[in-house]
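Structure first, commentary second.
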Amino acid sequence: MKKYLTTAEVADRYRTSPATVRYWRYAGTGPQCFIRRGRHVLYDAEALDKFDAEEIGGRCAA
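Sequential numbering of the sequence shown, starting at 1, is according to full-length UniProt numbering.
So this is what it looks like as C-alpha cells:
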C-alpha cells in the first residue's frame, strides 16, 4: 500500500512551513507528486524520494 504525506508532513520533511509547500504547489515548483482528496492534498512518499534523488543528482553531478 502506498504511503501518502500531508502538506504539514512534507513541510517537516523539508524543514519549511506548510505555507511554503502550498506556494510550491501553486507556483509549480518543488515536488509535484500530489493528489487531491476533497479539501485534502496528499503527497506520494515514494515520488518524493525520487524527486529528492533527482534534485541531489542534478546538483552533485561532476
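We put the beta carbon where it would ideally sit given N, CA and C, even for glycine.
Computed from a predicted structure; not experimentally measured.
With 16 other Cβ atoms within 10 Å as the buried cut-off, status of residue i
i          : result
T7         : buried
residue 73 : This structure leaves residue 73 out entirely; the chain is present only between 1 and 62.
Of the residues the options, the one placed nearest residue i, counting alpha carbons only
i   : options         : result
P18 : Y4, R36 and V41 : V41
Own chain residues within Cβ distance below 8 angstroms of residue i, not counting five before or after
i   : result
A27 : none
Check whether residue i and residue j have beta carbons under 7 angstroms apart
i  : j   : result
K3 : A53 : no
L5 : P31 : no
Rounded C-alpha distance that separates residue i from residue j
i   : j   : result
T29 : R13 : 16 angstroms
A11 : Y43 : 11 angstroms
6 angstroms Cβ shell around residue i - same chain, five flanking residues per side excluded
i   : result
F34 : V41 and Y43
F51 : P31
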